[in-house]
Amino acid sequence: MEGRSVDYSVIIPVYNEQDVLEATWKRVTDVMRAVGGAYELLFVDDGSRDDSAGILRRICDRDPCSSMISFSRNFGQQAAMSAGIDYSKGRAVVFIDADLQDPPEVIPRMIEKWNEGYAIVYGKRSRREGESVFKKVTAAVFYRLLRAVSEREVLVDVGDFRLIDGAVRDLLRSLPEKNRYIRGLVSWAGFRQTTVEYVREERFAGTTKYSPIKLFLLAITAFTNFSKPLRLATWIGFGLSAVSFFHILVVIYEKLFTNRAVQGWASLMAVSLFFNGVILMMLGLVGEYLAQLLDEVKGRPSYVVAEKRNVD
Ligand code: UDP
Ligand code: MG
6 MEGRSVDYSV
16 IIPVYNEQDV
26 LEATWKRVTD
36 VMRAVGGAYE
46 LLFVDDGSRD
56 DSAGILRRIC
66 DRDPCSSMIS
76 FSRNFGQQAA
86 MSAGIDYSKG
96 RAVVFIDADL
106 QDPPEVIPRM
116 IEKWNEGYAI
126 VYGKRSRREG
136 ESVFKKVTAA
146 VFYRLLRAVS
156 EREVLVDVGD
166 FRLIDGAVRD
176 LLRSLPEKNR
186 YIRGLVSWAG
196 FRQTTVEYVR
206 EERFAGTTKY
216 SPIKLFLLAI
226 TAFTNFSKPL
236 RLATWIGFGL
246 SAVSFFHILV
256 VIYEKLFTNR
266 AVQGWASLMA
276 VSLFFNGVIL
286 MMLGLVGEYL
296 AQLLDEVKGR
306 PSYVVAEKRN
316 VD
C-alpha cells in the first residue's frame, strides 16, 4: 500500500476469530470491490491465542489490499480500534466487527451518506438476532443509564459499526488520551452525524469475546470517561444529608417527647449500614477516576505492536 492513496479503510478488530476470518475477508472484500475505489482492509489482531494471526498472514500475502497489525497481547477492542485509527489511511474509515454480526453489505449505504456530506454515519441496530436475553437486557440498561448521566447525547443501540470521515479520524488520532472509549469520543467530536439502520445478525462462528466482567469494565470506562458520575456523588451526598437531617429531628423528637428512645437499635444499624455502603461506593467512584488519571499520567501506550504486514 506504500504511498498509494486510499479511499476507504475498513478496520476489523480480531480476537480469537479463526473460524470466521476467511468468510469475513471474502464478504467485506466482495462489498468493497463492488463499491469501487481504492480500499484497504486493516485487520488488528488483538493478541489472539488461536490461529487468527496465521490466517491473517496468509490473507495479507495473497491480497495486497489487506493488512494486519498484531498486538503483543490482548489489549482490548478499544485499543484495537485505536490502532486502526492510528494506521488507517482512507479518506473514510469504517469500523466493523470480525464476526459478521454487522453485515458488510450495509457499508455502501454508509458511504452513500458520507458522499451526501455526513462526517459520521452510525449503524443503528433495529433488531438484535441471536443474542442472549442477558446481553439484551444489560445493553438496554447500560445505554439508558449512560444517557441519563452523560453530558452528551448518547445514541441508543448504536455499536461500533460506523463510518467516520478521515478528518474525524485525524482528530481522534491527535487526542492525547490513552484510554480511548471510541464511541464516546466519536460522539464528542461533533460534525454532521446520521444513522443507517440494519439488523444485527447472529455471530457467524465462535462465541462472544466479552465476558460479563469485561463488559462491566468497559461500562465503567464509558461512564467515567464521558459522564459526570462524580457530580452524581455530590448529589447523592446532599440528598442523603438532607434525609439524615430529618432523621435527626425525628430522633430528637423521640428522645424528648416519647419513651421509645432506646429502641432505636434496628434503625441505627440500618442507617449505619446504608451509609457505609454509600460511602464505600462513592470512594470506589473517586478511585475509578484516580485510576484513570494515573493511567493517563503514566503515559504508557494503549497497545504494543508485535508484528505488521502490508503496513508501513
Ligand atoms: N475483540 C477484540 N478484542 C477483545 C474482544 C473483542 O478485538 O478483547 C473484537 C472481536 O474479535 C470482534 C469485536 O471485537 O471483532 C466484537 O467482539 P464480540 O463479537 O465478541 O462482541 P459482541 O458482539 O458479543 O458484543
Ligand atoms: Mg459480536
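Residues in the sequence shown are numbered consecutively from 6, following my numbering.
Built from N, CA and C at the ideal position, the CB exists for glycine as well.
- Around the ligand UDP, the residues selected by a Cβ distance under 6 Å to any of its heavy atoms are PRO18, VAL19, TYR20, GLU22, ASP51, ASN79, GLY81, GLN82, ALA85, ASP102, ALA103, ASP104, GLN106, THR213, LYS214, TYR215, following chain order.
- Ranked by how close their Cα comes to the Cα of SER57, the residues ASP66, GLY81, LEU26 have LEU26 in first place.
- Distances taken from the Cβ of ARG208 to the heavy atoms of the ligand MG include one shorter than 7 Å.
- Ranked by Cα distance from ILE116, the first of SER53, VAL36, SER71 is VAL36.
- The three-state secondary structure of PHE80, taken from DSSP, is coil.
- For ALA97, the uninterrupted beta strand (DSSP E) run begins and ends at 97-100, by DSSP.
- Using a 10 angstroms sphere on the CB of LYS303, the tally of other CB atoms stays under 16, which defines it as exposed.
- A direct Cα-to-Cα measurement between LEU295 and GLU182 gives close to 15 Å.
- A distance below 7 Å between beta-carbons, with the five flanking residues on each side excluded, links ARG54 to the following residues of its chain, in chain order: ASN21.
- Secondary structure at GLY304: coil, using DSSP grouped into helix, strand and coil.
- Pairing LEU180 with MET86, the inter-Cα distance amounts to about 14 Å.
- Contact check between the region 41-51 and the region 63-71: three or more CB pairs, one atom from each, fall below 8 Å, which counts as touching.
- Counting along the chain, the unbroken beta strand (DSSP E) around SER14 starts and ends at 13-19.
- Taking the C-beta atoms as reference points, GLU206 is found no nearer than 8 Å to LYS129.
- Taking C-beta atoms as the reference points, ARG208 and ASP107 fail to come closer than 8 Å.
- Note that the C-beta distance between VAL309 and PHE76 is below 8 Å.
- For SER131, the closest C-alpha among the options VAL111, VAL33, ASN120 is that of VAL111.
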